[in-house]
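> The sequence shown begins at 53 in our numbering and counts up by one. Idealized CB from N, CA, C, for every residue including glycine.
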Amino acid sequence: MTILNKDALPKWHGPYINLVYRKKPLKVNKGAWPHPREYNKDIFFDLSDDLLGAFCGLTKTYSPFDPWELTILSNSSALKKVENTFKQWVKTIGSLESKALYKRGKYLYRTTGQGRAPAPRIIRSDLLETLNFLIEQFHKARLNGHAIAIIGI
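1) Expressed to the nearest angstrom, what Euclidean distance is found between the alpha-carbon atoms of Thr123 and Leu71?
2) With a Cβ-Cβ cutoff of 8 Å, do Phe97 and Asn57 count as a contact?
3) What does DSSP give as the partner residue(s) for Ser100 in the beta ladder?
4) With a cut-off of 8 Å, does the C-beta of Ala106 fall near any C-beta of chain D?
5) Nearest by alpha-carbon distance to Ser126: which of Thr54, Asn196, Ile55 is it?
6) Apart from the five residues on each side of it in sequence, which residues of its chain come closer than 8 Å, Cβ to Cβ, to Gln189?
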């Protein structure tokens, strides 16, 4: 089982959405974008836009956040909303037929013509482990009164 972060995915994936865990929310003026030095040390996950697209495609739902925007989640209800979406994705992906899962998930591991991707059970396991890791981080932030910033593409 593998958490599908920037290091685990093939190098051609991206761009990446930075998920940043902080005790206090990022302070950013309206319409401004934070400088990477303000949050780089707090990035806990680099979410590939391809991976987000796979989650949305497999679950037939929209992302719980705009991948093109800066989103700062600093209250319990906002964090819970994203956490609940990820939990729903776990249920949906956990119940998908292997053929449908392989058809969409194989592109996370290889490009067309590169041979076979891992078996559907491995794809499912990796996707679920990744989602469960994200759920854990959002849950921890919510319980501790911390914030998660989603630095879009």
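Considering the structure as presented:
1) Rounded to whole angstroms, the gap between the alpha carbons of Thr123 and Leu71 is 10 Å.
2) The answer is yes: Cβ separation under 8 Å.
3) Bridge partners of Ser100: Tyr68.
4) The question asks about chain D, but that chain is absent: this structure has only one protein chain.
5) For the residues Thr54, Asn196, Ile55, the minimum Cα distance to Ser126 belongs to Asn196.
6) For Gln189, where only same-chain residues beyond five positions count, the Cβ hits under 8 Å are Leu71, Tyr73, Phe96, Phe97, Ile200.
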